[in-house]
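So the protein lines, in turn, are chains A and B.
Just so you know, our numbering puts 412 at position 48 of the first sequence, and the rest follows in order with no gaps.
Just so you know, our numbering puts 424 at position 53 of the second sequence, and the rest follows in order with no gaps.
The beta carbon of each residue, even a glycine, is placed where N, CA and C say it ideally should be.
Remember, predicted model here, so these are calculated numbers, not experimental data.
So the structure is just underneath, and the comments pick up after that.
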Amino acid sequence: MSGVVVHLPRGSGGADGGEPGGDAVTLRLGPGQVARFGRGSATTPVELRLADAAISRLAGEIRATDDHWQLTNHSTTHSYLVENPEGAGEYLRVSPRRVGAPVPFEFSRVVLPTRGELAVSFQVFAPDHVYLDPDAMGAPWGSRTVTAYSLDESATYFLVLVALCEPRLRDQSRVAVPTTPQIVERLRGHVTGGTLTARAISSHIDYLAEEKLRIGVLDALEPGKGDRRNGKREEIVGLALRFGLVREEHLGLLPSLAGGGGRERQRPR
Amino acid sequence: MTASHGPHDTAGLDRTELLQPGHRVGDWVVTELIGSGGWSTVYAARPAGRRREGDGRAPEPTEVALKIMPTAGLAPRQARRIVESARREVELGRRAGHPRLIGLRESFVLAAPELPAVDGAIVLVMERAAGSLRELLDAGVSGADRGRLIAGICEGLTHLHRSGWVHADLKPENVLLGRDGSVKLSDFGLATELTGTHGYVPPMGTLDYLPPERWRAPLGELGVQVRPSADIWALGVVVHEVFASGASPFPGATPVARGAAVQEYGEGRAPLRMDPAVPPFWRVLAADCLAPTHAARAPHTAESLLARIEARGLAHAGAEKHTARLRGRVRAAVLAAALCGAAGAALWSDTVREGASGHRPGAVRVFNAERGCQDRTDRDPQCSLGLAIDPLRPYAAGNVVPTRVWHGDVLTADCRLPDGQPVIDEEDLQSTLWFRVRLPHGSAYRAAWLPAVRTKDRPALPVCPRPRAGPPRHGGPAPEGPGS
Numbered sequence: 365m366s367g368v369v370v371h372l373p374r375g376s377g378g379a380d381g382g383e384p385g386g387d388a389v390t391l392r393l394g395p396g397q398v399a400r401f402g403r404g405s406a407t408t409p410v411e412l413r414l415a416d417a418a419i420s421r422l423a424g425e426i427r428a429t430d431d432h433w434q435l436t437n438h439s440t441t442h443s444y445l446v447e448n449p450e451g452a453g454e455y456l457r458v459s460p461r462r463v464g465a466p467v468p469f470e471f472s473r474v475v476l477p478t479r480g481e482l483a484v485s486f487q488v489f490a491p492d493h494v495y496l497d498p499d500a501m502g503a504p505w506g507s508r509t510v511t512a513y514s515l516d517e518s519a520t521y522f523l524v525l526v527a528l529c530e531p532r533l534r535d536q537s538r539v540a541v542p543t544t545p546q547i548v549e550r551l552r553g554h555v556t557g558g559t560l561t562a563r564a565i566s567s568h569i570d571y572l573a574e575e576k577l578r579i580g581v582l583d584a585l586e587p588g589k590g591d592r593r594n595g596k597r598e599e600i601v602g603l604a605l606r607f608g609l610v611r612e613e614h615l616g617l618l619p620s621l622a623g624g625g626g627r628e629r630q631r632p633r
Numbered sequence: 372m373t374a375s376h377g378p379h380d381t382a383g384l385d386r387t388e389l390l391q392p393g394h395r396v397g398d399w400v401v402t403e404l405i406g407s408g409g410w411s412t413v414y415a416a417r418p419a420g421r422r423r424e425g426d427g428r429a430p431e432p433t434e435v436a437l438k439i440m441p442t443a444g445l446a447p448r449q450a451r452r453i454v455e456s457a458r459r460e461v462e463l464g465r466r467a468g469h470p471r472l473i474g475l476r477e478s479f480v481l482a483a484p485e486l487p488a489v490d491g492a493i494v495l496v497m498e499r500a501a502g503s504l505r506e507l508l509d510a511g512v513s514g515a516d517r518g519r520l521i522a523g524i525c526e527g528l529t530h531l532h533r534s535g536w537v538h539a540d541l542k543p544e545n546v547l548l549g550r551d552g553s554v555k556l557s558d559f560g561l562a563t564e565l566t567g568t569h570g571y572v573p574p575m576g577t578l579d580y581l582p583p584e585r586w587r588a589p590l591g592e593l594g595v596q597v598r599p600s601a602d603i604w605a606l607g608v609v610v611h612e613v614f615a616s617g618a619s620p621f622p623g624a625t626p627v628a629r630g631a632a633v634q635e636y637g638e639g640r641a642p643l644r645m646d647p648a649v650p651p652f653w654r655v656l657a658a659d660c661l662a663p664t665h666a667a668r669a670p671h672t673a674e675s676l677l678a679r680i681e682a683r684g685l686a687h688a689g690a691e692k693h694t695a696r697l698r699g700r701v702r703a704a705v706l707a708a709a710l711c712g713a714a715g716a717a718l719w720s721d722t723v724r725e726g727a728s729g730h731r732p733g734a735v736r737v738f739n740a741e742r743g744c745q746d747r748t749d750r751d752p753q754c755s756l757g758l759a760i761d762p763l764r765p766y767a768a769g770n771v772v773p774t775r776v777w778h779g780d781v782l783t784a785d786c787r788l789p790d791g792q793p794v795i796d797e798e799d800l801q802s803t804l805w806f807r808v809r810l811p812h813g814s815a816y817r818a819a820w821l822p823a824v825r826t827k828d829r830p831a832l833p834v835c836p837r838p839r840a841g842p843p844r845h846g847g848p849a850p851e852g853p854g855s
C-alpha cells in the first residue's frame, strides 16, 4: 500500500497546453496527502496544472485517504465526473462545492467540463484496495492474516495476468511467457478484453509490476516499454504462480480455447 | 487438476465441514472445536484410550490442540501453500523449542478415506493453551499482570530472534496463555529463518501489525523481506493494546485506515499519539518499538527490551520477592477464571492492584531538577542522569556506571551513605547523602550510587558499610558524563 497515483497523460492538460510542453505528469500521494488541480497562478499554486480558460485557478483537490481517495470540487457552477473506465459506463457526479466525495474505483478518470470540444481529464489510480482471500470468506476479517498484494479478479489487469500465466498453468512446464501480440490474440473474443490494444496491454503489465506487485528490480526500467522486456513478464508470472495470486480456477476467465472468438492456440500436451 | 472449479468453489463447503466430538484423529480423540481460520481448523483433543501404555515415559498431557489443515479439493499450488506453512511450523518446533513458544508434539498426514474432507490433511499436534491474549484483552486485562504478559512475549521473541527466526505474524491472537498464566507464542505459519540479516515470508500479514516499511515492500522471488525489527514493531502495537484496553496506537476505524495512519507516521507526516492510559515506562518502551524506520528500531532488540522490563520489575518488586511469589500463585489461578468471563477478570485485577500499590521499602523515585526533563517520557539522552561507581570520589565523568536513569524511574535502594562526596544540584541543593541502588541483571556493575539530591524520597534504610576506595573497574565501556 502506498497511496494513490495521479496521472495526466501527455497533451491532456487542456487546450492551452497544461503543463509546460504538454508533458505527461505523474504525482504520487501517500495517505493523507493532497494534490490541488486547476489553472493555477502565482498566488494560487496547484500541483496539477490544467490550462483551459473554463477551469478555475483552483478547481479542486484530491486527497488520498485510507485505501481510496476523495475529491473536493471547488467550482461553484460545474459538476465533475469521475468515470470508471473499466466499469462499463459506471461513473459518479461530484456536485459543485462538494467536499471530500469518496471515490470507490481503483481506476478513475476525472473529467472537467470546458467550453471547447475537448474535455480536460486526468487519471487517478488507487492500487491499494484490499481483497479478502478466497479461503477466508464468511469470517470476521479485521485481525486476519491476509495476502498483502491483493488483486481485483474482475479487473482488466487480472485478465492480462491470467493470459500471461496460462501456458504455465496449463502444463506446468517452463514454456515461454506469451508476448504482447500473443496476448492481444488470446483475448480477442473476450467481452471486455477483446478490444485491448498492444499498448493497453503493456500498460496493464507495467501497472501490475510497479503498483500491484511492486517487483523489486524494476526501479531502473522505464515504464511503458515493456514489450521487449521479457524479464519483467517472467518475473510477474513467476511471482503470481508461486504465491498463488493466479490459480488454475482463473483460467475460466479467459475466452474458451476451442471457442470461435480467437484463433486456436497450439495446445501443448 | 481442478480447473473445473470456479473461483467460488475454493472455500467449498466440504473444506469447512467440522469434525464431531469423539472423532478419532491418529492417536487422538476430538473433544471440541477451538477455532477455525482460513486454512485450518483447531480442535481440542485427548489421547485415545490405551495410548503408549507403560512405555516408561512421562504421562501424556490430558489435552492437546490439533491444528488440521485440509488439502483435499485444492489445486496443487494451493495445497503447496499449506504444506509450506505447515513445514515452517514443524521446522521451528523441532529446532527452536522453548517454554515461551507453544510446543509442537508431532505432525502427521491424516489418512481418513471415510471422510474425504480431511483425508490427506496435515495435522499438527500442539500443546493446549487456556486461551489467547486477544480473548484476555476482550475480557479486560488489568493490573500488574500486563507487564508480566509483555515480558513473556519479549522472552519468546528474544529466544526466536536469538535462534535466527522471525515470527512475522505477531498479534494477540497468536499469543496464547497456558493454564498457569504463562505466555506462549504460537502460529509459526509465516515464521522464517534468517539468512544473514533478512528472512523472506510469503506476501501475507495482518494489517494492524505491519511496520511502515512493509506497506511499500517489493515482492521478490522469495517473497517479502522481513527482519526481526518487524516483530519489534508488532510488539509495540501489542504493548499499546495491552495497556489501552485493546486499542491500536494508530487512529482509524478499520485496519485499512489504521494502515494508512501507520504510513503517514512512517513518512513523518503524523506524530505518534498514544493513549494517555499507557503508563510512562510502557509508553517509552512502545515508542521505541514503534520507531518509524527499521534503522531506528534496530537498536531495540527483544533482548534489550526484555532487560529493561526486567530491570523495572526488579526496581518495583525486588524488596517483595516473597510476597510476589505468593501473589503469583493466586494470579495464576485467577487467570484461568479471567479467560472464562468478565467477572473473573474483575476479581483478578483487584487482587493484583492491592498487592502492587502496597508500600515497598527501599524504593526511590528518580528526580531530575531540570523542568524540561520532567514531562518527557522519551528517555532522551540529554535528560538522563548518571549513577556513581564510588560515592567517595567526585560525581563526574569517569565515576559513573554505563546504566543511565531518567526522571520518574523507580530504583531499589539497599542502604544509605550519609557522608559521601557532597553533590550540589541545579537548584543549589547540597547533600552528602547517597543511596546504594541495585542495577538490572547483566549490567556492568551490580549496584551503583544515587546522590540524594536526585530523589525526593528518604526511605528508612540501614547505613551502608563504607565502600572501599579503589581504582575504577577496567575493561568496561567508557562511562559517559553524569549528565545535566
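In terms of Cβ geometry, GLU498 of chain B and GLY474 of chain B form a close pair [threshold 7 angstroms].
Among the residues facing chain A, PRO642 of chain B is not included, as its CB has no counterpart in that chain under 7 angstroms away. About 6 angstroms separates the beta carbons of ASN770 of chain B and ASP761 of chain B, which is inside the 8 angstroms limit, making them a contact pair. C-alpha of ALA490 of chain A to C-alpha of ASP516 of chain B: approximately 44 angstroms in a straight line. About 5 angstroms separates the CB atoms of GLY630 of chain B and LEU578 of chain B; that is less than 8 angstroms, so the two are in contact. The contact set of VAL627 of chain B on chain A, defined by CB atoms closer than 7 angstroms, consists of ASP430, ASP431, VAL494 in chain order. Neighbours of LYS542 of chain B in chain A, taken as residues whose beta carbon is under 9 angstroms from its own, are SER507, THR509 in chain order. In this model, ALA604 of chain A and GLY444 of chain B are separated by some 21 angstroms (Cα to Cα).
Contact with chain A is absent for PRO487 of chain B, since none of that chain's Cβ atoms lies less than 7 angstroms from the residue's Cβ. Per DSSP, GLN434 of chain A lies in no alpha helix (DSSP H) segment; the continuous beta strand (DSSP E) that holds it begins and ends at 432 to 437.
Assignment of THR390 of chain A by DSSP, reduced to helix, strand and coil, places it in the strand class. In the DSSP assignment, PRO830 of chain B falls outside any alpha helix (DSSP H) and carries neither an H nor an E. Proximity of GLU635 of chain B to chain A, defined by a Cβ-Cβ separation below 7 angstroms, is satisfied. Here the alpha carbon of ALA605 of chain B sits roughly 20 angstroms from the alpha carbon of LEU590 of chain B. For TYR455 of chain A, no Cβ of chain B is located within less than 7 angstroms of the residue's own Cβ. Leaving aside the five residues that flank PHE522 of chain A on each side, the residues in its chain whose CB is nearer than 7 angstroms to its CB run, in chain order, LEU515, ASP516.
Nearest CB-CB separation between GLU530 of chain A and chain B: not below the 7 angstroms threshold. Counted as a single uninterrupted DSSP element, the stretch harbouring SER366 of chain A is not any beta strand (DSSP E), since DSSP gives it neither H nor E.
Separation of VAL610 of chain A and GLY406 of chain B (C-alpha to C-alpha, rounded to the nearest whole angstrom) is 28 angstroms.
For the pair LEU572 of chain A and ILE600 of chain A, the CB atoms are nearer than the 7 angstroms cut-off. In the three-state reduction of the DSSP assignment, TRP653 of chain B falls in the helix class.
Interface flag for PHE607 of chain A against chain B is set, since a Cβ pair is found closer than 7 angstroms.
A buried status is given to SER478 of chain B, since no fewer than 16 other beta-carbon atoms sit within 10 Å of its beta-carbon.
GLN801 of chain B sits away from PRO789 of chain B, with the two beta carbons spaced by 7 angstroms or more. About 6 angstroms separates the beta carbons of LEU676 of chain B and LEU656 of chain B, which is inside the 8 angstroms limit, making them a contact pair.
When Cβ pairs closer than 8 angstroms are counted between the two stretches, the stretch 823 to 842 of chain B is seen to touch the stretch 734 to 752 of chain B, the count reaching three or more. One finds MET365, GLY367, GLY394, PRO395, GLY396, ALA428, THR429, ASP430, ASP431, ASP492 in chain A with Cβ atoms closer than 9 angstroms to the Cβ of ALA631 of chain B, taken in chain order.
Chain A has a Cβ within less than 7 angstroms of the Cβ of THR577 of chain B.
If you look at PRO773 of chain B, you'll find it in the beta strand (DSSP E) that goes 771 to 776. Within 9 angstroms of the CB of ILE579 of chain A, the CB atoms of chain B belong to PRO589, LEU590, GLY591, in sequence order along the chain.
Contact check between the stretch 527 to 543 of chain B and the stretch 634 to 643 of chain B: fewer than three CB pairs, one atom from each, fall below 8 angstroms, which does not count as touching. Residue contact check for PRO789 of chain B against chain A: no CB pair falls below 7 angstroms. Taking the Cα positions, VAL613 of chain B is about 28 angstroms away from SER814 of chain B. In chain order, HIS665, ARG668, ALA669 place their CB closer than 6 angstroms to the CB of SER600 of chain B, counting only its own chain and leaving out the 5 sequence neighbours on each side. Ranking B:PRO620, B:ASP659, B:PRO651, B:THR625 by CA distance to the CA of ARG644 of chain B puts B:PRO620 first.
Judged by their CB atoms, VAL475 of chain A and ALA465 of chain A are not nearer to each other than the 7 angstroms cut-off.
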